[in-house]
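Single-structure report; data block below.
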Amino acid sequence: MADDRQGRRYPQNLQGVLQLAVEAGSAAEGPGPLEPMSEERKTWLRDALAEVCKGQMDEVEQMKRCLAVLREEETKIREQDGEEERDEDDEDERESAFEILSELCENLDNAKDLMTLGGLDLCLSKYLCHAQSGLRWRAAELIASCAQNMPQVQIHLLSIGALPKLLQLIDSDPHPTVRVKALYAVSCLVREQDAGLQEFLSHDGFSVLMRGMQSENEKLRTKSAFLLLNLLTSHPEHKDTVVSMGMVQQLVSVLRTPHSPFHEHVLGALCCLVEDCPQGLKDCRTPALGLEELLRQRSRELQGKEESQELDFCDRLRAACFRGQQSDENGMDR
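For what it's worth, the numbering used here labels the leading residue of the sequence shown as 46, then goes sequentially.
Structure follows, in structure tokens:
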């Protein structure tokens with residue numbers, strides 16, 4: 046038995062500790078009696094658990110230090126010669142604090158701790174509206190990191206008014222990266238979150254996505270179209286609302302812009318709007334829209350190319366909107 050203990054390699058991390066616990070539990074179910082835990086094993090287990098707890102506390106302390114940096118008031122009295130240099134140092138320090146927080150908050154427990162420490166409130170009250178664009182987009186990115194797959198954090202952010210502020214940034218911020226990161230945060234607040242989706246609707250969020258698809262920023266266009274497609278797929282009950290806004294006409298207008306990979310998502314959204322949605326189908330068939338010829342031309346352009354999903358959407362839309370009409374016309378000719 047002593048040789049067995051000497052040859053045993055104890056795990057060095059939390060995953061190993063949990064695995065050991067599972068193995069111990071499995072052994073407990075066996076027919077043999079359990080042996081008392083050796084002093085060596087007790088000591089190792091105490092040390093391993095202490096190290097795990099210490100690591101978690103270290104991360105909380107890191108977050109506290111980052112928040113202290115972000116909460117510092119800008120120096121009101123500076124020497125004239127060093128003012129500009131000091132401003133740059135302050136900005137760099139705060140950007141670094143945000144980057145550390147974003148990395149730490151990939152851990153869901155840390156995201157909840159940051160919420161408890163007031164970090165998300167600070168992002169909303171001070172940094173989403175900060176004069177420095179580098180701090181605005183990092184604040185939006187941190188909000189997104191914390192909100193992703195975290196209902197408790199999502200509800201808190203909604204309760205303090207994060208969504209309308211983020212939608213405003215998507216619409217009007219002069220810096221393209223801020224707009225993209227704000228859209229990322231909105232996506233994390235409304236996908237798989239009914240309360241977030243309802244607030245998104247109440248603030249005309251679909252119109253914000255439409256304007257995003259019409260922007261000059263390729264990333265913003267792509268992510269806006271993708272979120273629209275995702276929401277229409279997950280929540281088909283809102284198709285009529287979207288169609289009543291003139292979304293079909295707007296999406297077809299977007300398809301007439303120079304070809305871009307994000308057109309795949311636009312075609313996917315149009316496919317959603319003609320399925321089980323009579324008004325959407327009627328809008329697509331409007332002769333003045335010229336959609337049939339546009340789809341025919343796009344299909345020819347995509348033949349033999351890698352955009353297979355876009356071609357599939359294109360063919361689905363043509364079939365849904367015009368194949369039946371063509372059959373009727375052929376029957377009348379006969």
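The beta-carbon is built from N, C-alpha and C at its ideal position, and this holds for glycine as well.
The alpha-carbon of GLU117 is positioned some 26 Å away from that of LEU153. In the structure shown, PHE251 falls within a helical segment according to DSSP collapsed to helix, strand and coil.
The three-state reading of DSSP puts LYS284 in helix, counting H, G and I together. According to the DSSP assignment, PHE358 belongs to the alpha helix (DSSP H) that extends over 353 to 363. Under the three-pair Cβ rule at 8 Å, the stretch 305 to 325 counts as touching the stretch 273 to 282.
Using a 10 angstroms sphere on the CB of GLN199, the tally of other CB atoms reaches 16 or more, which defines it as buried. If the five residues before and after SER260 are omitted, its C-beta is found closer than 7 Å to the C-beta atoms of ARG266, all from its own chain and listed in chain order. Residue state for PHE367 is assigned as helix, using DSSP reduced to three classes. The criterion of a C-beta distance shorter than 8 Å is satisfied by GLU263 and SER305. Measuring C-alpha to C-alpha distances from LEU254 to each of LEU234, PRO303 and ALA270 identifies ALA270 as the nearest.
The three-state secondary structure of CYS317, taken from DSSP, is helix. By the Cβ neighbour-count rule, GLN238 is buried, with 16 or more other Cβ atoms within 10 Å of its own.
With fewer than 16 other Cβ atoms inside 10 Å of its own Cβ, SER170 counts as exposed.
Under the three-state reduction of DSSP, ILE205 is assigned to coil, being neither helix nor strand. Here DSSP, grouped into helix, strand and coil, assigns CYS111 to helix. DSSP, read as helix, strand or coil, puts THR278 in helix.
Taken through DSSP and simplified to helix, strand or coil, GLU84 comes out as helix.
Residues of the same chain with a CB within less than 7 Å of the CB of LEU159, apart from the 5 flanking positions on each side, are MET108, LEU146, CYS150, LEU165 and CYS191 in chain order. Cβ-Cβ separation between ARG183 and GLU144: approximately 7 Å, consistent with a contact (criterion under 8 Å).
Going by DSSP, PRO221 is part of the alpha helix (DSSP H) stretching over 221 to 235. Within the same chain, and ignoring the five residues on either side of GLU309 in sequence, the residues whose Cβ sits closer than 6 Å to its Cβ are GLN354 and GLU355.
Taking C-beta separations shorter than 6 Å and ignoring five residues to either side along the sequence, the partners of ARG330 in its chain run CYS366, following chain order. CYS174 places its beta carbon 8 Å or farther from that of ILE188.
Per the coordinates, the alpha-carbon of PRO221 lies some 58 Å from the alpha-carbon of GLU85. The three-state secondary structure of HIS304, taken from DSSP, is coil.
Excluding its 5 nearest sequence neighbours in each direction, ASP321 has C-beta neighbours in its own chain below 8 Å: PRO281 and LYS284, listed in chain order. Rounded to the nearest whole angstrom, the C-alpha separation of GLN324 and LEU336 is 15 Å. Annotated as proximal: LEU211 and VAL231, with beta-carbon spacing under 8 Å.
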